[in-house]
Structures are given as C-alpha cells and as structure tokens.
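For reference, the structure is listed below as structure tokens.
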Amino acid sequence: MKRVYYNNTSFLDLLFNFLLATMILLVIAVLHIVVEHKKADIKTQAEFVLTVTWPKEIDHDVDTWVRDPNRNILWFRQKEIGVCHLDRDDLGHLSNDWTFGPDGTISYNPNQEIITIRGIVPGEWVFNLHLYRKGTNYGLPITVSVSLIKLNPTATTLFYKEIQMEEYWQEKTVARVRLGEHGDVLSVEDGPMIKLVEEKQAQPRYLQ
Numbered sequence: 023m024k025r026v027y028y029n030n031t032s033f034l035d036l037l038f039n040f041l042l043a044t045m046i047l048l049v050i051a052v053l054h055i056v057v058e059h060k061k062a063d064i065k066t067q068a069e070f071v072l073t074v075t076w077p078k079e080i081d082h083d084v085d086t087w088v089r090d091p092n093r094n095i096l097w098f099r100q101k102e103i104g105v106c107h108l109d110r111d112d113l114g115h116l117s118n119d120w121t122f123g124p125d126g127t128i129s130y131n132p133n134q135e136i137i138t139i140r141g142i143v144p145g146e147w148v149f150n151l152h153l154y155r156k157g158t159n160y161g162l163p164i165t166v167s168v169s170l171i172k173l174n175p176t177a178t179t180l181f182y183k184e185i186q187m188e189e190y191w192q193e194k195t196v197a198r199v200r201l202g203e204h205g206d207v208l209s210v211e212d213g214p215m216i217k218l219v220e221e222k223q224a225q226p227r228y229l230q
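Sequential numbering from 23 applies to the sequence shown in this note's numbering.
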C-alpha cells in the first residue's frame with residue numbers, strides 16, 4: 023500500500039504571516055492613536071495664541087521675541103521657554119510653500135509666525151518684533167499684523183495691532199501684558215520699549 027504523507031508546513035507559514043501582518047497593523051494603529059492624542063493635548067492645553075503676519079509677497083524675515091515673567095526669552099534659537107512655544111518660525115520665502123501660476127508667476131503662502139502659551143504664568147509678558155533679514159524684492163516700511171487671543175474659557179482678542187517696521191534690524195515692543203494668578207488679564211500696555219535682542223545678546227552663550 024502506498025503511504026500518503028500530509029505536510030502542514032505551508033499552512034503554518036500562512037498562519038504565521040497572517041498573525042505577523044495583523045500585529046504590524048495593530049502597532050501602526052496604536053501609534054497613530056498616540057500621535058493624534060498628543061496633538062489633541064497640545065491644542066487643548068493652549069491658553070493664549072500669538073499670531074504675527076506680514077504680506078506673502080514680501081521676502082523679509084520678521085522674528086517674534088517673547089519674554090515671560092521669569093525673564094526667559096523666546097526667540098528663533100530658543101523655541102521653547104517654560105509654557106511658551108514657537109510653533110512656526112517663518113523665514114520669509116525661504117520657509118514658505120509656493121506654486122507656479124499658468125503665466126509662470128510664483129505664488130507664496132502668507133508669512134506667519136505662531137506662538138502658543140500653554141499654561142498660566144502670572145506677571146508681565148513682553149511681546150516684540152524684530153526685522154532679522156531684509157529681502158531684496160520689497161522695500162521698507164512694511165506692515166506687520168499682530169494679534170493675541172486668550173482661548174479660555176472663550177476666545178477673546180486681547181489686542182490686534184498693525185506695526186510698521188521702518189528699518190533693517192529694527193526692534194519694536196508690540197505689547198506688555200500682565201496676567202494674574204488664574205490667567206486673568208490685569209493690563210495690556212503699548213510701552214515703553216524693551217529691547218529683548220540686546221538683553222539676550224548680553225547673556226552668556228548667546229550665539230549657541
């Protein structure tokens with residue numbers, strides 16, 4: 023009688039590959055959920071949002087400087103100080119997306135910097151603008167729009183200003199905002215001028 027042998031190796035390989043693929047998909051799904059959860063946390067934790075915008079056709083680099091009540095200074099080389107974060111550092115056309123039009127012209131997205139304050143630190147906050155680089159495609163002065171919005175418990179605009187930057191390397195204080203213990207806004211003042219760039223340059227390790 024001829025013997026018949028049954029080999030289940032192919033079935034085991036198929037089962038193993040199926041389990042492996044299922045595990046990989048599960049890991050990807052879990053990582054996606056974790057990333058989305060972290061993004062949601064960032065949005066829900068924001069207390070204030072500062073937005074700085076200048077015309078998209080202007081290839082100037084306008085920097086935002088912020089000093090918190092503990093005298094920590096936020097700038098493009100130190101994008102996080104305590105609860106304050108520089109979420110978008112705009113370099114002018116160097117950092118903007120662009121598209122070609124049918125006539126060969128180039129269209130850029132708006133120049134915009136975004137800073138979020140994700141907690142409450144009572145005391146005086148200072149918000150400055152600094153014209154770091156002047157592009158060759160547009161002269162001076164330029165108009166920069168600056169707004170600060172308090173998000174909680176409801177969205178409230180604390181200030182909206184249009185600031186004229188007249189000179190290369192110029193720095194201007196946009197506003198000084200004093201917060202209370204629970205995030206209540208005690209005052210919003212225009213001045214006097216506080217030179218955060220010079221203050222930072224005087225500190226050790228400025229260039230690092």
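We put the beta carbon where it would ideally sit given N, CA and C, even for glycine.
On a predicted model such as this, the values are computed, not experimentally measured, just so you know.
Do the CB positions of K183 and V196 come within less than 7 Å of each other? yes
Hey, out of P214, T176 and G141, whose CA is closest to G205's CA? G141
With a 10 Å radius around its C-beta and 16 neighbouring C-beta atoms as the bar for buried, classify I50 as buried or exposed. exposed
With K194 and W97 assumed to form a contact (beta carbons below 8 Å), what rounded beta-carbon distance in angstroms separates them? Wrong, their Cβ atoms sit about 15 Å apart, outside the cutoff.
Cβ separation of D111 and E135, assumed to be a contact under 8 Å, to the nearest whole Å: 6 Å
Which residues in the same chain have their Cβ closer than 7 Å to the Cβ of Q186, if we skip the five residues on either side of it in sequence? P163 and T165
Could I get the ranges of all uninterrupted beta strand (DSSP E) runs contained in the region 185-222, with 3 residues as the minimum, in chain order? 193-201 and 207-211
Taking the alpha-carbon positions, what's the I216 to N150 distance? 8 Å
Using C-beta distances below 7 Å, list every residue in its chain close to P144, excluding the 5 sequence neighbours before and after it, in chain order. P91, L201, G202 and E203
Endpoints, the beta strand (DSSP E) within which I164 is located: I164 to K172
Taking the alpha-carbon positions, what's the R155 to E211 distance? 27 Å
Pick helix, strand or coil for I46, following the three-state DSSP scheme. helix
Tell me, please, which residues DSSP counts as bridged to D85. H152
Just to confirm my understanding: we take V207, look at its own chain, exclude 5 residues before and 5 after, and list those with CB closer than 8 Å. What are they? K172, L180, V199, R200 and L201
Quick one: what does DSSP say F98 is sitting in, helix, strand or coil? coil
Taking the CB atoms as reference points, tell me whether T75 and P132 lie closer together than 7 Å. yes
From which residue to which residue does the beta strand (DSSP E) around L72 run? F70 to W76
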